[in-house]
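Asks: One structure follows; several queries about it will come next.
Numbering (the numbering used here), first residue to last: 1090 to 1558.
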């Protein structure tokens, strides 16, 4: 059974569809940043451009738990197709946007699509492949992210240089159509038909609570002070809605986010690992380029390439992680990865006072390798511990935790940096000190993530047959 893996195998067209769908999200993660100056030059609204990223993250994060639960009820296929459709619609609308507010609104549509595509691609892979097969197919998925880490910034730079930034979004059209066509043609799943009680109340309460809390984290200290009425109100109301959500889920027949997800030690620890990964990656991607550009006066391209070492090391290690966890187990693989993460982050923090492109690039590659050995196996460990009708929720919870980690990281690292940077223009010495403080905080996030990995129970690595749903 384990030999029947690859693009030429019987399940090859499905694998290709999942790779293309993942490529949509992977390219989008890197293609837009390089074009921001060109976009704001035409549309204006430079002060609002951070919302291009914040609204996408917000829409993606709040929709993941809902999509994941629905996939356990009606199946993965309709959910991922809805996600691809929304991402396609959002891309077209972004490409014809006439103003910055319109572009921001259409990025929210893209985010709603991404909230379905990314977790569903991972879940479907968990459905159709055994653990032993996943160890082999990880190389295919890793190649998508490796290629996208280079292709995204390159395309973004080319379209910006040609003053054709709208093609940053139009390039998604053929990819989305291809992924959708392959899934409709080749992916068949059998879902048990029975009556379901949709948890509408839980879905509404969770969406409102997460919207307010994530918005407060993303915009606190940026759009408004932390002690302002907007910040206090968003945190307060979001917290109240979250409590009401927990109470509603205890009484729901089929809760949108079952509370058992947080009562199982394996699922809790793997979610905490995802949260830590999200925070650490956000700290590095947000501050490494600024740190290098400001301290060494190098070009944005060179600074971006230094950070790209992280996105290169990650898929390379993820491709090999399958072989490793089949030999030494999930926990040991994750612990090895976290050692690499701590080595890399500690290196950046220790040498922050003496900026060096080489040190940062090597450190980022080591961190990326550690992430590849930690993030992917933790997701697969969680997936393999549950049956088909729980796998969507479990996968989505991990993706959701990572989004929350990113939002929390933005808030904490931003507060640390701004307390040292001071008012603009920021002096080089303050930039180095502030970035160094952020890198130390990333090390702390790595230590906390390592603690979660140490608390993870040792689970046997078995290779059950894929579900037939």
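For each residue, glycine too, the CB sits at the ideal point set by N, CA and C.
How would you write the range of the alpha helix (DSSP H) that residue 1456 sits in, first residue to last?
Replies: Element bounds for residue 1456: 1446-1473.
Asks: With DSSP as the reference, please indicate the residues paired to residue 1313 in a beta bridge.
Replies: Answer is 1309, bridged to residue 1313.
Asks: Spell out a yes or no on whether the segment 1117-1131 and the segment 1441-1449 are touching, meaning 3 or more CB-CB pairs, one atom from each, closer than 8 Å.
Replies: Contact between the segment 1117-1131 and the segment 1441-1449 is absent, because fewer than three Cβ pairs lie under 8 Å.
Asks: Report the three-state DSSP secondary structure of residue 1104 (helix, strand or coil).
Replies: Three-state result, residue 1104: helix.
Asks: Within this structure, are the beta carbons of residue 1345 and residue 1154 separated by less than 8 Å?
Replies: Against a cut-off of 8 Å, the Cβ pair of residue 1154 and residue 1345 comes out as a contact.
Asks: Apply the 10 Å Cβ neighbour rule to residue 1360 and answer buried if 16 or more other Cβ atoms are within range, or exposed otherwise.
Replies: So residue 1360 ends up on the buried side.
Asks: Which residues in the same chain as residue 1234 place their Cβ atom closer than 6 Å to its Cβ, once the five residues preceding and following it in sequence are excluded?
Replies: Closer than 6 Å at the Cβ level, and outside the excluded window around residue 1234, lie 1115 and 1404.
Asks: Does the beta-carbon distance from residue 1402 to residue 1455 come in below 8 Å?
Replies: Against a cut-off of 8 Å, the Cβ pair of residue 1455 and residue 1402 comes out as a contact.
Asks: To the nearest angstrom, report how far apart residue 1368 and residue 1537 are at their CA atoms.
Replies: Answer to the nearest angstrom: the Cα atoms are 11 Å apart.
Asks: I'd like the span of the alpha helix (DSSP H) that includes residue 1209, first residue to last.
Replies: Here the alpha helix (DSSP H) through residue 1209 covers 1189-1217.
Asks: Helix, strand or coil for residue 1518 per DSSP?
Replies: In the structure shown, residue 1518 sits in a helix (DSSP, three-state: H, G or I).
Asks: Which complete alpha helix (DSSP H) runs does the segment 1236-1265 hold, if anything under 4 residues is left out?
Replies: Listed in chain order, they are 1256-1259.
Asks: Can you name, in chain order, every residue of its own chain whose Cβ lies under 6 Å from the Cβ of residue 1481, other than the five neighbours on each side?
Replies: Excluding residues within five positions, the ones whose Cβ falls inside 6 Å are 1157, 1160, 1161 and 1212.
Asks: Skipping 5 residues on each side, what residues in its chain have a beta carbon closer than 7 Å to that of residue 1299?
Replies: So the qualifying residues of the chain are 1150 and 1151.
Asks: Around the Cβ of residue 1093, are there at least 16 other Cβ atoms within 10 angstroms (buried) or fewer (exposed)?
Replies: Per the 10 Å Cβ criterion, exposed.
Asks: I believe residue 1438 touches residue 1532 by the beta-carbon criterion, under 8 Å. Please report the beta-carbon distance rounded to the nearest angstrom.
Replies: Right, their Cβ atoms sit about 5 Å apart.
Asks: How would you write the range of the alpha helix (DSSP H) that residue 1545 sits in, first residue to last?
Replies: No alpha helix (DSSP H) contains residue 1545, which DSSP labels as neither H nor E.
Asks: Where do the ends of the alpha helix (DSSP H) carrying residue 1085 lie?
Replies: Here the chain comprises residues numbered 1090 to 1558, so residue 1085 is not present and cannot be evaluated.
Asks: How is residue 1375 classed by DSSP in three states: helix, strand or coil?
Replies: Three-state DSSP puts residue 1375 in a helix.
Asks: What is the rounded straight-line gap between the Cα of residue 1102 and the Cα of residue 1474?
Replies: Distance between the alpha carbons of residue 1102 and residue 1474 is about 27 Å.
Asks: How many Å lie between residue 1221 and residue 1411 at the Cα?
Replies: If I take the Cα positions, the gap works out to 8 Å.
Asks: Whole angstroms are fine: how far does the CA of residue 1500 sit from the CA of residue 1217?
Replies: Straight-line Cα distance between these residues: approximately 38 Å.
Asks: As a quick exercise: from 1179, 1133, 1290 and 1381, pick the residue whose alpha carbon is nearest that of residue 1524.
Replies: The shortest Cα separation from residue 1524 among 1179, 1133, 1290 and 1381 belongs to 1381.
Asks: Would you kindly check if the distance between the Cβ of residue 1545 and the Cβ of residue 1425 is under 8 Å?
Replies: Their beta carbons are not under 8 Å apart, which means residue 1425 does not touch residue 1545 by this criterion.
Asks: Assign residue 1227 to one of three DSSP states: helix, strand, or coil.
Replies: Three-state DSSP puts residue 1227 in a helix.
Asks: Provide the residue span of the alpha helix (DSSP H) that contains residue 1509, from first to last.
Replies: 1477-1510 is the span of the alpha helix (DSSP H), which, as asked, contains residue 1509.
Asks: Short of 7 Å in beta carbon distance, which residues of its chain neighbour residue 1227, apart from the five on each side in sequence? Order them along the chain.
Replies: For residue 1227, where only same-chain residues beyond five positions count, the Cβ hits under 7 Å are 1407, 1408, 1410, 1411 and 1465.
Asks: Per DSSP, what kind of secondary structure is residue 1222 in: helix, strand or coil?
Replies: Here residue 1222 sits in helix by DSSP.
Asks: Exposed or buried, residue 1355, counting other C-beta atoms within 10 Å across all chains shown (16 or more means buried)?
Replies: By the 10 Å Cβ count, residue 1355 comes out buried.
Asks: Under the three-state reduction of DSSP, which class applies to residue 1340: helix, strand or coil?
Replies: Looking at residue 1340 - three-state DSSP - the assignment turns out to be helix.
Asks: Can you tell me where the alpha helix (DSSP H) holding residue 1180 begins and where it ends?
Replies: Residue 1180 -> alpha helix (DSSP H) spans 1165-1184.
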